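Undergrad: Here the working numbering runs 1 ahead of the position in the sequence shown, where the first position is 1.
Encoded as structure tokens, here's the structure I'll be asking about.
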Amino acid sequence: MKRKSKGFTILEILISIVILTVGILGILAIFPKAIESASKSIEDTYSGIIAQSV
Numbered sequence: 002m003k004r005k006s007k008g009f010t011i012l013e014i015l016i017s018i019v020i021l022t023v024g025i026l027g028i029l030a031i032f033p034k035a036i037e038s039a040s041k042s043i044e045d046t047y048s049g050i051i052a053q054s055v
């Protein structure tokens, strides 16, 4: 007897959740480095402004 599948199986849902979790964790791993880089850029900008005013 053939069964017509209209929805997702639990295995498909679990695989999707794992893939999304890996992607989200990869993106979140980038944020600390981006914040550090932005802070460094601000410090460099202020240093340049101070150097030009001397």
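Positions of the beta carbon are idealized from the N, C-alpha and C atoms, including for glycine.
All of these numbers come straight from a predicted model, not from anything done at the bench.
Would you identify the three-state DSSP class for Thr22, choosing helix, strand or coil?
TA: In this structure, Thr22 counts as helix in the three-state DSSP scheme.
Undergrad: Return the CA-CA distance between Ile31 and Gly8, expressed in angstroms with no decimal places.
TA: Approximately 35 Å between the Cα atoms of the pair.
Undergrad: Please tell me whether, using a cut-off of 8 Å, the distance from the CB of Ser17 to the nearest non-hydrogen atom of the ligand NAP is below it.
TA: Ligands are entirely absent from the displayed structure, and the ligand NAP is therefore not among its contents.
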